[in-house]
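Everything on this sheet refers to the single structure shown next.
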Amino acid sequence: QSALTQPASVSGSPGQSIAISCTGTSSDVGGYNYVSWYQQHPGKAPKLMIYEVSNRPSGISNRFSGSKSGNTASLTISGLQAEDEADYYCSSYTSSSTLRMFGGGTKVTVL
Amino acid sequence: EVQLVESGGGLIQPGGSLRLSCAASGFSVSSNYMNWVRQAPGKGLEWVSVVYSGGSTYYADSVKGRFTISRDNSKNTLYLQMNSLRAEDTAVYYCARDTMVRGVVRYYYYGMDVWGQGTTVTVSS
């Protein structure tokens, strides 16, 4: 079971917007609206940022938004801030026997 | 307060066994989907296993047949029994609550919304 495909790194200046893609197949990202996104700072546990493609949990800034088109989901961070510098992982439900899968992760750097 | 606390990690020789625990507070493990997710040093997140509220269990291909997920409802604790450990099992292991609710026309999935702090497993001779 291959991981979902994410770019290794994305960077942007403070105040800018960036987007992170997450590409899967019709058996996972494309087949279900069960895509979620997680933020992880070094040495910390992951934190849920987006669930069901575009929903934000309580307490998550509206600078974070999610979308999906076909087999590719995206996380957009607008108004980039220094505290957004972290690793980001997408995850999807899958119809395979494993049921869950993660992307390889994207390192976001704030220039 | 909703919280997960892992324990049981350590240094173990290849071929050995280890049992990880994940104590929950503020909610019931038996009423939720509970996962183990691991992260090898310098690598990304890898989903390992899930136990559904009904008791069904699922595993990543990389651990199938070697790892067993279980829970003790009376102790409100999740476990991961790891046998035949390999060097490539070296990682920080996290437990995470995973919420999926059955609605009238579909299931609603709320993601892995509660995570523990992780416990480190090192497989080395």
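Chains as they are written, first to last, in the numbering used here: chain A, 5 to 115; chain B, 344 to 468. For glycine and all other residues, C-beta sits at the position ideal for the given N, C-alpha and C. This one's a predicted model, so the numbers in the text were calculated from it and none came from an experiment.
query = Beta-carbon of residue 403(B) versus every beta-carbon of chain A: anything under 8 Å?
reply = Contact of residue 403(B) with chain A is assigned, a C-beta pair being separated by under 8 Å.
key: Same chain, Cβ closer than 8 Å to residue 21(A), neighbours up to 5 away in sequence not counted   = Result list for residue 21(A): 80, 81, 82, 83 and 84, in chain order.
Alpha carbon of residue 73(A) to alpha carbon of residue 444(B), nearest angstrom = In this model, residue 73(A) and residue 444(B) are separated by some 24 Å (Cα to Cα).
task = Would you be able to state if there are at least three C-beta pairs under 8 Å between the segment 84 to 99 of chain A and the segment 40 to 55 of chain A?
result = Cβ pair count under 8 Å is three or more, so yes.
ask   = Counting pairs of beta carbons, one from the segment 102 to 112 of chain A and one from the segment 59 to 75 of chain A, are three or more of them closer than 8 Å?
value = No, they do not touch.
task = Throw me the rounded Cβ distance for the residue 446(B) and residue 40(A) pair, which I believe falls under 8 Å.
result = The distance from the Cβ of residue 446(B) to that of residue 40(A) is about 17 Å, inconsistent with a contact at the 8 Å cut-off.
ask   = Are residue 103(A) and residue 17(A) close, meaning C-beta to C-beta below 8 Å?
value = In this structure, residue 103(A) lies away from residue 17(A), with their beta-carbon atoms at least 8 Å apart.
key: CB contact flag (residue 414(B), residue 420(B), <8 Å)   = Yes. Within cutoff.
query = Going by the CB atoms, is the gap between residue 30(A) and residue 100(A) shorter than 8 Å?
reply = Cβ distance not < 8 Å, so residue 100(A) and residue 30(A) don't count as in contact.
message = Please tell me whether residue 101(A) has its Cβ less than 8 Å away from any Cβ of chain B.
response = Flagged as an interface residue toward chain B: residue 101(A), by a C-beta distance shorter than 8 Å.
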